[in-house]
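In this note's numbering, the protein residues as written are 2 to 249.
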């Protein structure tokens, strides 16, 4: 079964067709920059372009970078404030004519990692931390998802949310070396470790592919490992969400 998975990020919106049985992307990833306005209308237009690029008709799964509850956006995250209260499923369905299942982006990445990647078979509390414009987090207990586990929203010092200070986007914004940034990220991981006490932490998102550049600066009691699926996990997991849509 081939499903279109879309991963919406603060800087880019990506999509690919995914074989749900194997968890493999069967097309090249297509990326379109996220509109600078980050408004619902502008981003829905990009989603439509992604669907048209693949000449696709059928259920679509979408990972989205905010809290999503029953298809409704509950917080703006790093997007425009006008997203709050939007029925994202309906917005994207109206823009494309296709059925959508929209879930939190870190939850989507977690689905992929736990079903096809290095997290498969892991027991206990597993956290998937996605490093990008923000810090997403997906939580699984013995393989079962705990949705919208938004640890990047923890307040820290003068920052309303710690992801502003410790996300991957801070590297470019403040021209940080990986050593300087990794000390911030290590602080975040230690706070998470203290509060949640997970059994495993798996890193995904754009910065996970550069794990060798900064792993020596990460000092956490809980084992920390990079996701083998790296930056494709969001697309693959989103496609899994799309596969759960009932087609009549």
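Note that beta-carbon positions come from the ideal geometry of N, C-alpha and C, so glycine has one too.
Endpoints, alpha helix (DSSP H) assigned at residue i
i: residue 238; result: 234-244
i: residue 172; result: 170-174
i: residue 93; result: 89-97
i: residue 165; result: 164-167
i: residue 215; result: 212-215
i: residue 50; result: 41-54
DSSP state of residue i mapped onto helix, strand, coil
i: residue 5; result: strand
i: residue 17; result: strand
i: residue 141; result: strand
i: residue 25; result: strand
i: residue 230; result: coil
i: residue 249; result: Only weak support is given to the placement of residue 249: the predicted model assigns it a pLDDT of 36, under 50, and the value that follows is read from those uncertain coordinates. The answer is coil: DSSP assigns residue 249 none of H, G, I, E or B.
i: residue 132; result: strand
i: residue 289; result: This structure gives no information on residue 289, because the portion of the chain shown stretches from 2 to 249.
i: residue 206; result: strand
i: residue 157; result: strand
i: residue 225; result: strand
i: residue 146; result: strand
i: residue 57; result: coil
Sheet register partners of residue i (DSSP bridge)
i: residue 32; result: 15
i: residue 201; result: 127
Counted within 10 angstroms of its Cβ, other Cβ atoms place residue i as buried (16 or more) or exposed
i: residue 248; result: Here the model assigns residue 248 a pLDDT of 46, short of 50, so the residue's position is not dependable, and the following value carries that caveat. By the 10 Å Cβ count, residue 248 comes out exposed.
i: residue 243; result: buried
i: residue 151; result: buried
i: residue 120; result: buried
i: residue 164; result: buried
i: residue 195; result: exposed
i: residue 251; result: What the structure shows of the chain is the stretch from 2 to 249, and residue 251 is not part of that stretch, so it cannot be assessed.
i: residue 143; result: exposed
i: residue 38; result: exposed
i: residue 23; result: exposed
i: residue 168; result: buried
Range of the contiguous beta strand (DSSP E) that encloses residue i
i: residue 105; result: 101-105
i: residue 61; result: 61-65
Problem set entry | Validate contact between the stretch 103-119 and the stretch 61-74 using beta carbons, cut 8 Å, 3 pairs | yes
Problem set entry | Inter-stretch contact (C-beta, 8 Å, three-pair minimum) for the stretch 130-148 and the stretch 200-213 | yes
Problem set entry | Three or more C-beta pairs below 8 Å linking the stretch 44-61 and the stretch 6-17 | Taking 8 Å as the limit for Cβ pairs, the verdict is that the stretch 6-17 does touch the stretch 44-61.
Problem set entry | Contact the stretch 215-231 vs the stretch 86-95: 3+ CB pairs below 8 Å | no
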